[in-house]
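Below: one structure, written as structure tokens.
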Amino acid sequence: MVKQVQRRFIWIAMLSFSLVVFLIVGLSNIFSYQSITRETEESLSLIADNLELAQQYRRNPRRSKFRNQINYQEVWDDAEELFGDIRYFIVAFDKQGEVKEFNVTRTFDVNEEEAIRIATKCYKNKEDKGNEGNNRFRKVATEDGDVYVFVSFRRKLTNAKRFLQKTIISAILELLVLFFPVCFFSKHVTKPIRESNEKQKLFITNAGHEIKTPLTIIDANADVIALMSGENEWITSIHNQVERLSRMTEQLVDLSKLQESELLFQKEKIVLSELLQEVIEQFEGIAITRNRKIISKINPHLCVNADQGMMEKLISILLDNAMKYADENSDIHVELKKQGRYIELKIENQTAGVKKGKHAEFFERFYRDSNASAIESDGHGIGLSIAKSIVEQHKGKIFAVSERENHVKLTVVLLSNNK
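So for the sequence shown, the working numbering puts the first residue at 65; every next one is plus one.
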């Protein structure tokens, strides 16, 4: 149980750190992309406000209309200052929708044909603004027709992608580095639980041994009284209660041992089909005396890697539970089959007073349903807790489901060892 708490602490801590780290990464990259969009829009606005200058501005000043101006150098310097770092291209359409002018010298991303094709597509789709590839565009309406301005954000987008990759790699490395101190501190966090469990186990073990001595004396004294005065209902009741208390004490000690994760089973490959059949045969006589019948459907040669003694104990607990709580003159159905990589053991019986649904509470220690038909039985509500511990020690699952009222199905799922 301590190991489970420790693993849960590590999982929750790492999940929390992961959410925080990736939230920071996500927000950082969202802000980065928004910054790219904002800067691109500002560039589009700058070009739109200085459209004539942007149309005339060339990388090669000798090809520019500025050469014909008296103040050529001054205008060129102004254009360089305005548009020097912006990569853009412009395509102008006349009133009839024909391309009348274009400027692609301020970009390396497209040539003349590509620029005209992209702009014509936007013109025909009657789009005023948006994204086209790695370019953001805007339509500027003039007296002579529509002018489409495209600003490239390819370089910024490439940088943003690199930033995203770096932040993700950095986040993963941070989580990997963080994993080790979390594992280290988890031991300190679970230390009080470990100490409490140790004390609880020690108490149960010592109490079990201490209780056995007076129970043995009581049982022996009852035998002496029976020899002296003869057997009667009171002596029989004493024997029954001593036996019942002894059995409950043994179950508590077993449960305490099973919940120790350090407990090592002698695991080996066992034929679960044969073991199940043997245990069923042992219970058939008990079933007859209690007016019940066991109906089994066992697929042969199904194997698991488990401790044989524990598996026998598990099956016995489940069958004994069914015997105690099944309605009189009812059948107990036992099924063992293979489902993919797993083996399923199912035990079904009718039980008055059980509601439809899942019943995780059946595996709680000392749980007994007040509506169960066997409330007068000698059960203690410990058996299924022991069964659950055995299954969990074998890395399996156990659950109880009532598919309809007055009906219970216990299912054990174990990893198959069949090739």
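The C-beta atom is built at its ideal place from N, Cα and C for all residues, glycine as well.
Could you pull the start and end residues of the beta strand (DSSP E) that residue 194 belongs to?
Position 130 of the sequence shown, counted from the first residue, corresponds to residue 194. Looking at the DSSP string, the run of the beta strand (DSSP E) that includes residue 194 is 193 to 196.
With DSSP run on the structure shown, which of helix, strand or coil describes residue 71?
Translated into the one-based positions of the sequence shown, residue 71 becomes position 7. Correct three-state label for residue 71: helix.
Give the secondary structure of residue 348 by DSSP, where H, G and I count as helix, E and B as strand, and everything else as coil.
The sequence position of residue 348 within the sequence shown is 284, counting from 1. Three-state DSSP puts residue 348 in a helix.
Just to check my reading of the structure: residue 224 and residue 88 have Cβ atoms closer than 8 Å, yes? What is that Cβ distance to the nearest angstrom?
To locate residue 224, count along the sequence shown from 1; it is residue 160. To locate residue 88, count along the sequence shown from 1; it is residue 24. 16 Å between Cβ atoms; not a contact.
Leaving out five residues before and five after residue 427 in sequence, what residues of the same chain have Cβ atoms less than 8 Å from its Cβ?
The residue labelled residue 427 in the question sits at position 363 within the sequence shown. Cβ neighbours of residue 427 beyond the five flanking positions: 448, 449, 451, 452, 462, 464.
Which residue comes first and which comes last in the alpha helix (DSSP H) that contains residue 184?
Here residue 184 refers to the residue found at position 120 when the sequence shown is read from its first residue. First-last of the alpha helix (DSSP H) with residue 184: 176 to 188.
Give every residue of the same chain whose Cβ lies closer than 8 Å to the Cβ of residue 204, excluding the five residues on either side of it in the sequence, and list them in chain order.
The count along the sequence shown starts at 1 and reaches residue 204 at position 140. These residues qualify, in order along the chain: 112, 115, 210, 211, 212, 213.
Determine the closest residue to residue 388 out of 201, 340, 173, 413, with distance taken between C-alpha atoms.
Residue mapping note: residue 388 aligns to position 324 of the sequence shown, counting from 1. Ranking 201, 340, 173, 413 by Cα distance to residue 388 puts 413 first.
Report the rounded CA-to-CA distance for residue 310 versus residue 425, giving the unit in angstroms.
As a working mapping, residue 310 is identified with position 246 in the sequence shown. As a working mapping, residue 425 is identified with position 361 in the sequence shown. Taking the straight line joining both Cα atoms gives about 25 Å.
Can you list, in chain order, the residues of its chain whose CB lies under 8 Å from that of residue 215, leaving out five sequence neighbours each side?
Numbered from its first residue, the sequence shown carries residue 215 at position 151. Same-chain partners within the cutoff: 104, 107, 108, 111, 150, 151, 152, 199, 200, 201.
Please list the terminal residues of the continuous alpha helix (DSSP H) segment that includes residue 224.
Position 160 of the sequence shown, counting from 1, holds the residue named residue 224. First-last of the alpha helix (DSSP H) with residue 224: 218 to 253.
At 4 residues or longer, what runs of the alpha helix (DSSP H) sit wholly inside the stretch 329 to 400?
If we require 4 residues or more, the alpha helix (DSSP H) runs fully inside the stretch 329 to 400 come out as 336 to 353, 372 to 389.
Taking residue 289 as the reference, which of 281, 299, 80 has the closest Cα?
To locate residue 289, count along the sequence shown from 1; it is residue 225. Cα-wise, what sits closest to residue 289 is 299.
Per DSSP, which one or two residues make a beta bridge with residue 412?
Here residue 412 refers to the residue found at position 348 of the sequence shown. In the DSSP output, where bridge partners are listed per residue, residue 412 has 397, 473.
Would you list the residues sitting across from residue 90 in a DSSP beta bridge?
Numbered from its first residue, the sequence shown carries residue 90 at position 26. According to DSSP, which records beta bridges pairwise, residue 90 is partnered with nothing at all.
Have a look at residue 407 and residue 415 and give me their C-alpha separation to the nearest angstrom.
Residue numbering aside, residue 407 sits at position 343 when the sequence shown is read from its first letter. Residue numbering aside, residue 415 sits at position 351 when the sequence shown is read from its first letter. Distance between the alpha carbons of residue 407 and residue 415: 25 Å.
Could you pull the start and end residues of the alpha helix (DSSP H) that residue 450 belongs to?
In the sequence shown, counting from the first residue as 1, residue 450 sits at position 386. Note, residue 450: alpha helix (DSSP H), 447 to 457.
Which whole-angstrom value is the C-beta distance of residue 340 and residue 400, which I expect to be below 8 Å?
One-based indexing of the sequence shown puts residue 340 at position 276. One-based indexing of the sequence shown puts residue 400 at position 336. Residue 340 to residue 400, Cβ: 6 Å. Contact.
Going by Cα to Cα distance, which pick from 446, 220, 372, 345 is closest to residue 332?
Against the sequence shown, residue 332 aligns to sequence position 268. Checking every option, the nearest Cα to that of residue 332 belongs to 372.
Please list, in chain order, all residues of the same chain as residue 441 whose beta carbon is under 8 Å from its beta carbon, the five residues on each side excluded.
The residue you call residue 441 lines up with position 377 of the sequence shown. Any reading at residue 441 must be qualified, since the residue scores a pLDDT of 48, below 50, and its modelled position is unreliable; no value is offered.
Shortest alpha-carbon distance to residue 227 belongs to which of 330, 94, 422?
Stepping through the sequence shown from its first residue, residue 227 is reached at position 163. Considering only alpha carbons, the answer is 94.
Which partner residues does residue 103 have in the DSSP bridge list?
Reading the sequence shown from its first residue, position 39 is the one you call residue 103. Paired residues: none, contrary to the question.
Please list, in chain order, all residues of the same chain as residue 119 whose beta carbon is under 6 Å from its beta carbon, the five residues on each side excluded.
Sequence index remark: in the sequence shown, residue 119 carries index 55 (1-based). Cβ within range, chain order: 154, 167.
Among the residues of its own chain, which have a CB less than 6 Å from the CB of residue 395, if the five just before and after it don't count?
Numbered from its first residue, the sequence shown carries residue 395 at position 331. Cβ within range, chain order: 357, 359.
Which residue marks the beginning of the alpha helix (DSSP H) containing residue 118, and which one marks its end?
The residue you call residue 118 lines up with position 54 of the sequence shown. 115 to 120 is the span of the alpha helix (DSSP H), which, as asked, contains residue 118.
Please confirm whether residue 92 and residue 239 have their CB atoms less than 7 Å apart.
By 1-based counting over the sequence shown, the position of residue 92 is 28. By 1-based counting over the sequence shown, the position of residue 239 is 175. Contact flag unset, no.
Residue 284 and residue 302: beta carbons closer than 7 Å?
Locating residue 284 in the sequence shown gives position 220, counting from the first residue. Locating residue 302 in the sequence shown gives position 238, counting from the first residue. Taking 7 Å as the Cβ cut-off, residue 284 and residue 302 do not qualify as a contacting pair.
Tell me which same chain residues have a C-beta within less than 7 Å of the C-beta of residue 73, skipping the five on either side of it?
Counting from one through the sequence shown, the residue named residue 73 turns up at place 9. Closer than 7 Å at the Cβ level, and outside the excluded window around residue 73, lie 250, 253, 254.
Locate the beta strand (DSSP E) running through residue 462, then write down its first and last residues.
Taking the sequence shown and counting its residues from 1, one reaches residue 462 at position 398. Looking at the DSSP string, the run of the beta strand (DSSP E) that includes residue 462 is 461 to 466.
Which two residues bound the contiguous beta strand (DSSP E) that contains residue 203?
Within the sequence shown, the letter at position 139 stands for residue 203. It spans 199 to 206 - the beta strand (DSSP E) in which residue 203 sits, taken as one unbroken run.
By Cβ distance below 6 Å, which residues in the same chain neighbour residue 422 in space, the five residues on each side in sequence not counted?
Locating residue 422 in the sequence shown gives position 358, counting from the first residue. Once the five neighbours on either side are set aside, the close Cβ partners of residue 422 are 465.
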